[in-house]
Amino acid sequence: MGVAEVTSIFLLLKVCIAFPGMNDLDITSNEKLPTFVTPGQTYRIATGSTVVLPCRITDPGSFVLVWKRGIAVLTAGPVKVTPDPRVRLLPSPAGTSTLPGIPGLAGGGYSLELKDVRPQDAGDYVCQIGTMEPREITHTLEILVPPRIHFVSHMGPLEVVQGSTVKLECRASGNPVPTVAWTRKNNVLPSGERSVNGLSLVIQHADRHSAGQYQCSADNGVGQPDSRHITLSVRYAPEVEAERATVHTGIGLEAHLVCIVHAEPPPQVIWYKDTTQLGTTEQHAAQSRGNRYTLVIRNVTDVDFGNYSCVAANIHGKARGHLLLTGTAGLAVFDSPSLGHEKEVYNISWSVNSHAAVTEYELFFRQRYLHRSHHIHDNGTIMNRNDRWNSVVITAQGITNPLLPAPPP
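The sequence shown maps to residues -18 to -1, 1 to 391 in mature numbering (1 follows the signal peptide of the UniProt record, and there is no 0).
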């Protein structure tokens, strides 16, 4: 059967429905007109599901019940007209109900079952009674479609130069319209937020802290969210920082000078002592692990003490870090409390990092009142005791030259 023949059948059915029984149904003026028991509703159904659209009427008599979608007739009475195999009629005889949650009612009708619903099935479905003036109810079918991301601005790794403005885009479809959210793997976004909503994410003045794996995720509450990833790499000149600006060591020991270097692409790092470039020898060795670059000095001698620098360079620029290797003791760190508990005695304790034996310490101190309003007169001049310093020299054997006036250290 060709398309033209099918069209003819549909038109013929429509004519018969519009003028029921003029010649063959023989409807009398005394026949009671049917009314609808089930109202029109809106159904929200996920793709792939099955939906049943109810249509129950009272006093069906000899009237024909028709299901339509637009101008297309799907069923007429008990006859299925549409060739769609997913469509099926479910009769509802008097006193029974074929639908869950709908009690048995008087009258009858036909419910329309649609299996494996698809997005193109969305729209209005009309159940019509073929009276002289057709009566009908309308069911609206909304198809819930899981989210699907159909556009990502960058499918592969994205490389930009430091200072650039970066715009990442992600578009998705679905019903309801999905919400697109942006996150960054194992980190917050450059703005400091954990997540932001929107079809695009803009990063101003990108730097090394902006690099990472970004994820756009689309979710509309139907099925599982859909997500895509964009890996952002920022190229920039080296940034160098000495792990310890001053390194204390001793004669015969092994010293490690460390520079922390951030750069993209990875830099070349060269070590210098003063202005002399250092190569790999039995005494010197350059090592690297990640962004940590180390100069190892074995069996330190007096000539090894002095100023060192690490110079890191790539195609975007270079930077230098400065370090001092010394055999002197480090700064003393006081570990005693700032306030004593005794009226006449105060115990002071400290620690010093030194690879050589410490021969003496010089301790500077001054008297300080809890209230700065206390003053003393010295040769007619008002003087605050807070400004008078004293010192004491402490050797390995004990205290020598105690309480010597001294200028502030």
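Positions of the beta carbon are idealized from the N, C-alpha and C atoms, including for glycine.
For a test of the three-state rule: what should DSSP assign to residue i, helix, strand or coil?
i, result
"Leu87", "Residue placement at Leu87 cannot be trusted, given a pLDDT of 45 that sits under 50; the coordinates are not used to answer."
"Phe316", "strand"
"Asp66", "coil"
"His187", "coil"
"Asp41", "coil"
"Leu7", "Per-residue confidence for Leu7 stands at a pLDDT of 41, beneath the threshold of 50, marking its modelled position as unreliable; no derived number is given."
"Val278", "strand"
"Pro73", "strand"
"Asp98", "coil"
What do you get for residue i, buried or exposed, if any count of 16 or more other CB atoms within 10 angstroms of its CB means buried?
i, result
"Thr20", "buried"
"Gly145", "exposed"
"Ser291", "buried"
"Leu96", "buried"
"Arg271", "exposed"
"Phe45", "buried"
"Asn281", "exposed"
"Tyr328", "exposed"
"Ile185", "buried"
"Ala58", "buried"
"His121", "buried"
"Ser173", "exposed"
"Val222", "buried"
"Pro65", "exposed"
With distances taken from CA atoms, which of the options is nearest residue i?
i, options, result
"Pro101", "Thr377, Glu141, Gly156 and His230", "Gly156"
"Gly205", "Pro128, Asp41 and Leu260", "Pro128"
"Pro116", "Phe18, Ser31, Gly174 and Tyr254", "Phe18"
"Lys255", "Pro319, Ile279, Thr29 and Ala104", "Ile279"
"Asp286", "Ala200, Asn329, Arg190 and His266", "His266"
"Pro160", "Asn169, Lys149, Glu236 and Asn179", "Asn179"
"Val143", "Glu236, Thr122, Pro247 and Ser173", "Pro247"
"Tyr275", "Trp253, Leu260 and Gly261", "Trp253"
"Ala104", "Gly90, Pro60, Trp371 and Ile125", "Ile125"
"Thr231", "Thr165, Lys167, Gly309 and Pro67", "Gly309"
"Arg190", "Asn202, Glu141 and Thr262", "Glu141"
"Met234", "Thr258, Leu56, Arg226 and Thr283", "Note that residue 234 is Gly in the sequence shown here, rather than Met. Gly234 has its Cα closest to that of Thr283, out of Thr258, Leu56, Arg226 and Thr283."
"Val148", "Pro158, Ser135 and Ala154", "Ser135"
"Gly303", "Glu264, Thr32, Ile297 and Glu225", "Glu225"
"Arg38", "Gln23, Pro67, Pro60 and Gly91", "Gly91"
"Ser31", "Gln23, His187 and Leu123", "Leu123"
"Thr29", "Val99, Leu94 and Gly138", "Val99"
"Glu151", "His211, Pro207 and His187", "His211"
Just to confirm before moving on: does the CB-CB distance between residue i and residue j stay below 7 Å?
i, j, result
"Leu214", "Ala193", "yes"
"Val243", "Leu307", "no"
"Trp332", "Phe347", "no"
"Ser199", "Ala163", "yes"
"Ser250", "Ala295", "For the record, residue 250 in the displayed sequence is Gln; it is not Ser. Result yes, Cβ atoms of Gln250 and Ala295 sit closer than 7 Å."
"Leu305", "Leu239", "yes"
"Thr165", "Gln195", "no"
"Val33", "Tyr25", "yes"
"Ala311", "Ser336", "yes"
Are at least three pairs of beta-carbons, each pair with one atom in the segment 101 to 118 and one in the segment 50 to 68, less than 8 Å apart? At 8 Å Cβ cutoff, the stretches touch.
Would the segment 119 to 138 count as touching the segment 68 to 75 if we require 3 or more Cβ pairs under 8 Å? A contact between stretches requires three or more CB pairs, one per stretch, nearer than 8 Å, and the segment 119 to 138 fails this requirement with the segment 68 to 75.
Below 8 Å, how does it come out for the segment 315 to 328 and the segment 337 to 346: are there three or more Cβ pairs, yes or no? Fewer than three Cβ pairs drawn from the segment 315 to 328 and the segment 337 to 346 lie within less than 8 Å of each other, which leaves the two stretches out of contact.
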